[in-house]
RNA sequence: GCGCCUGUAGCUCAGGGGAUAGAGCAUCGGACUUCUAAUCCGAGUGUCGCAGGUUCGAUUCCUGCCAGGCGCGCCA
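Residue numbers (my numbering): 1 to 576.
Next comes the structure, spelled out in structure tokens:
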């Protein structure tokens, strides 16, 4: 029995611990306001039917307190009093003066709360206790989410939009995990489509050319240099293909070429810090007759019809602007058929949320996939699609011209070579996913103060440096519970602690709204506050209480910086 | 024609219905015998594309328009 009680208690306190301290203060204040409203009502000073939702916000202006409530503004109409008057009445009924340092009515009728610093010292303790778990929540506990991204065709090198998708998808996955999602990541390999034929014929032509056989390059073939390079490798590995019957040779070349490209993509992505839980082959769907099966299901449900020698999906039933061909008049499948089968496969595996990240050229595709999801009996919002916008590259202020037709484009690999993993990831992550991105290659490759990546990493390295020297000086850092944190009263120290307190909510909002750039910005803001602190306050060489408290403060900053850099997939260097 | 994205300081962009709209860069001026100056501090700049609507309150939400980017295949 006591065992059970103990379990229950730890479960409850575990949940409470996962609630951010900011949220905790807000709830406490909301409770105080609620009591005040009830008191004001029973004393006859305010009359109203129901207590509305009480919102607390952190004011932009510091002079407006730590938290503010607009309750008097929203209730003014119901209580039939001017907002400021209502606010004064509410304030006069607020009891807990121990928790509150000061309460003021300000502006058009806001109630501003000043809390003092104790809760901020608790933030530091929480960070030390939770370590790299700090900021995590169980918001999405029990939700199974499948995140599919990049899914570039295995017939060429990945481009910069693929790279953007990789950075955003990978960081989103990390954010989702922190927010409690049960998330899996997947890369869909289009290894069965028409473009693999084009690729195979291009590769074959180059192979024959390498072998010295005069051979015309296919008109619609892929002109990129990489095809020739692959052909040379293949020729060295396997000159015997010349002797095979044409059809068989093409098939071997196709499979070999795709395998090479997939391996290359996997390696490039790994170098970018992105690894998938699963690489899902389109061919495997064909082998399992998944396309036939899903079509049979759609047929059963009455969403299939024949017309003009083709088989159609009645996607207009679900708001698509036209119906879609599933089987072409030549008997082959369209891309969408395999994709429907793939998404059905995801659903059958028990995922309750499918999130796809697509390039901007696929936005017209959303309606038909959502239609398919619904036709299969799932709700429309089971599938969510994040459309990325284009990336333009700038070098020395000039836009880099790219021509796919001429085989001239900057690949993901080029990008990594030029600016490195950390800068590339940060630049992709610092803008909101759906905005067009100007990627400044010159800036990203600079190792100067203008580069935000180094700015953040430098903050981390500085902390490590101080802690290293503390160790060399044999300074014993007292446990946070023993540290005299109340001496942390400088403005910059307060600001820094408030920023640390924000992390759980930042992660929650970033997860809810699919906004990884919030974390990138948070990292920059936190680094900026730390650098400011560094220049205003000394750590080592101060009196014992201050030194101990600041050591604990910077240790907390270190934990949080390490956490956000990890979410961004960027290294946290101990020296620079 | 239909659809998606964008429009905020000279440039690149933040800004979850709140109070005086922010940051970096660029420009100018300051701070290293002291824990890494890849840093910090100070200085000014806005018809938040335009017009309506909802609201006590709109850069934020809705509608229409204007401008820019990109899509609209029995390709993938």
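Just so it is clear, CB atoms sit at the ideal spot from N, CA and C, and this is done for glycine as well.
- Here the alpha carbon of residue 519 sits roughly 11 Å from the alpha carbon of residue 174.
- Residue 369 is positioned such that its CB atom lies no closer than 8 Å to that of residue 355.
- The C-beta distance from residue 517 to residue 392 rounds to 17 Å, too long to fall under 8 Å, and the pair is not in contact.
- Exposure of residue 82 is indicated by the presence of fewer than 16 other C-beta atoms within 10 angstroms of its C-beta.
- Per the DSSP secondary-structure output, residue 57 pairs in a beta bridge with 68.
- By the criterion of a C-beta distance shorter than 6 Å, residue 548 is surrounded in its chain by 478 and 483, once the five residues flanking it on both sides are discounted.
- In the same chain as residue 501, and ignoring 5 residues on each side of it, the C-beta atoms closer than 6 Å to its own belong to 21, 22 and 123, in chain order.
- Distance from the Cα of residue 347 is smallest, within the candidate group 377, 325, 363 and 361, for 377.
- Under the 8 Å Cβ criterion, the segment 357-366 does not count as touching the segment 325-334, having fewer than three qualifying pairs.
- Taking C-alpha positions only, residue 302 is separated from residue 163 by approximately 40 Å.
- Between residue 412 and residue 261, the alpha-carbon positions lie close to 13 Å from each other.
- In this chain, the alpha helix (DSSP H) harbouring residue 427 covers 421-429.
- According to the DSSP assignment, residue 112 belongs to the beta strand (DSSP E) that extends over 110-114.
- In the structure shown, the three-state DSSP call for residue 301 is coil.
- By the beta-carbon neighbour count (other beta carbons within 10 angstroms, threshold 16), residue 157 is buried.
- Closest option to residue 276, judged by alpha-carbon separation, among 263, 283, 286 and 49: 263.
- For residue 306, the beta-bridge partners assigned by DSSP are 311.
- Distance from the CA atom of residue 553 to the CA atom of residue 152, rounded to whole angstroms, is 44 Å.
- Its Cα nearest to that of residue 169, the residue 515 stands out among 562, 515 and 194.
- Taking each of 436, 44, 435 and 440 in turn and checking the Cα distance to residue 423, the smallest one comes out for 440.
- By the Cβ neighbour-count rule, residue 214 is exposed, with fewer than 16 other Cβ atoms within 10 Å of its own.
- The beta carbon of residue 112 lies closer than 6 Å to those of 64, 65, 68, 104 and 106 in the same chain, with the five residues before and after it left out.
- Taking C-beta separations shorter than 7 Å and ignoring five residues to either side along the sequence, the partners of residue 203 in its chain run 227, 230, 231, 253 and 257, following chain order.
- Rounded to the nearest whole angstrom, the CA to CA distance from residue 115 to residue 574 is 36 Å.
- Sequence-distant Cβ neighbours of residue 281 in its own chain, meaning closer than 7 Å and more than five residues away, are 189 and 191.
- Judged by DSSP in its simplified three-state form, residue 505 adopts helix.
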